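One structure is given here, and the rest of the page talks about it.
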Amino acid sequence: MKITAIGVGGAGCRVVDALWRDDQSRDSSYLTATRALDTDTGSLDRLESVPKSVRVPFGGLETKGTGTDGDRVSGTAAVNEDTTALRRTIDDAITSAVEVVVVVASLGGGTGSGATPHLIRRLADAYDLPVYAVSILPAESENAAIETNAIDGLRSLREVATGQLLFDNEAWKPSGQSMAESRDRLNATVAERLGALFAAGEPNSPDTVPESVVDASEVINTLAGGQFSTIGHGSQQVREVESGLRSWVKSLFDSSAGREDVDTVESIKAVDTTVRRAALGKLTLECDLETVSRGLLIIAGPPNWLNRQAIADSRGWLSRETNAIQLRGGDVPRPDATHVSVTVLLSGVASDRISELTPDCDYSP
């Protein structure tokens, strides 16, 4: 799946920075381009990985380059001030290879909450592509103004985004830690979940053919199941980690590397356990599984560990757990993998957290 990832505001840019690192760590790239857009020039300077050429300050007249200080109205004014310049830099990032545009923002921030809906509306008008928001919800320990920003941001994005993938800081922030202390870990977690989803359809090895291919259309059709979506992930180690040199030498003399004999019972257990861990473990947004309208189950790992019957049985189990109208699935053989890894995308979900923030809104698919 080929995406252009755009970060808006401090948190959104930091997540895209982490997503860039995730993409660089994989054998096949899913990112065609990135952009980091912020009203705070100092925050842009502190990004670690994305090239300086894709870091774009905006709203200088409105904010003097120091950010919005949590003021959503200021974030809106900033994006309106530099509409033409932002359109130009984004045009360069959206090539014919792009299948999806993803805009990442914290809805608690003034820039993220205020600028993102306006930016997405213009993207949706300009391009015949799905434009998804990755909406990060603030922790409840943050102040009332931040919560108000999140409420207004959710409502505004409902009208303009193709859909929203949500990440709830409240559920993920470690107990006893401040947001400042946990920020890097939270951003990395968002990037890891997104990366696992986006990388699923990218070719890994010419020698392995999946039973069921996961491509961009599978993700897009799943996300069409409703306004809000959440991602689950689980993994289980099934092989020892080999050193790079040992693995390379082995591959020279063993054409069956990655296809060792595997006990059938063990492979079934590994798939079943990991699927349940992904679906029943911590999701990016906690939800009632029975409200899921569509789902996508992606199972990756060493080819001989991807037991076909176990994969089929796991899809059946997840279908019963969710009552999903549509449940898609695919496998991703990875000869060099040491883990069986499962990513679950659940769409059209209902969540107590969303109901608390916007009790007067109907987000039914």
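Residue numbers (my numbering): 208 to 572.
For glycine and all other residues, C-beta sits at the position ideal for the given N, C-alpha and C.
Just so we're clear, the structure is a prediction, and the values are computed from it rather than from any experiment.
- In terms of Cβ geometry, ARG522 and LEU513 do not form a close pair [threshold 8 Å].
- Cα atoms of THR273 and CYS220: separation of roughly 15 Å, rounded to the nearest angstrom.
- Using a 10 angstroms sphere on the CB of LYS380, the tally of other CB atoms reaches 16 or more, which defines it as buried.
- For PHE405, the enclosing alpha helix (DSSP H) begins and ends at 386-405.
- Closest in alpha carbon position to SER260, among VAL286, ALA544 and ALA300, is ALA300.
- ALA304 and LYS209 have their alpha carbons spaced roughly 7 Å apart.
- Non-local C-beta neighbours of SER256 in its own chain, meaning closer than 6 Å and more than five positions away in sequence, comprise ASP224, TRP227 and ARG228, ordered along the chain.
- Exposed is the label assigned to VAL420, since fewer than 16 other Cβ atoms lie within 10 Å of its Cβ.
- Nearest to SER313 by alpha-carbon distance, out of GLY217, HIS325, LEU293 and SER250, is GLY217.
- For ALA423, the closest C-alpha among the options ALA352, GLY316 and ALA407 is that of ALA407.
- In its chain, beyond the 5 residues on either side, VAL499, SER500, ARG501 and GLY502 have a beta carbon closer than 7 Å to the beta carbon of ALA531.
- In terms of Cβ geometry, ALA507 and SER548 form a close pair [threshold 8 Å].
- Look at the stretch 228-282 and you find these whole runs of beta strand (DSSP E), each 3 residues long or longer: 238-245 and 262-264.
- The distance from the Cβ of GLY315 to that of PRO345 is about 3 Å, consistent with a contact at the 8 Å cut-off.
- In the assembly as shown, ASN394 is a buried residue. Its beta-carbon has 16 or more other beta-carbons within 10 Å.
- Under a 10 Å Cβ-count criterion, GLU306 is classified as buried, with 16 or more other Cβ atoms of the shown protein chains found around its own Cβ.
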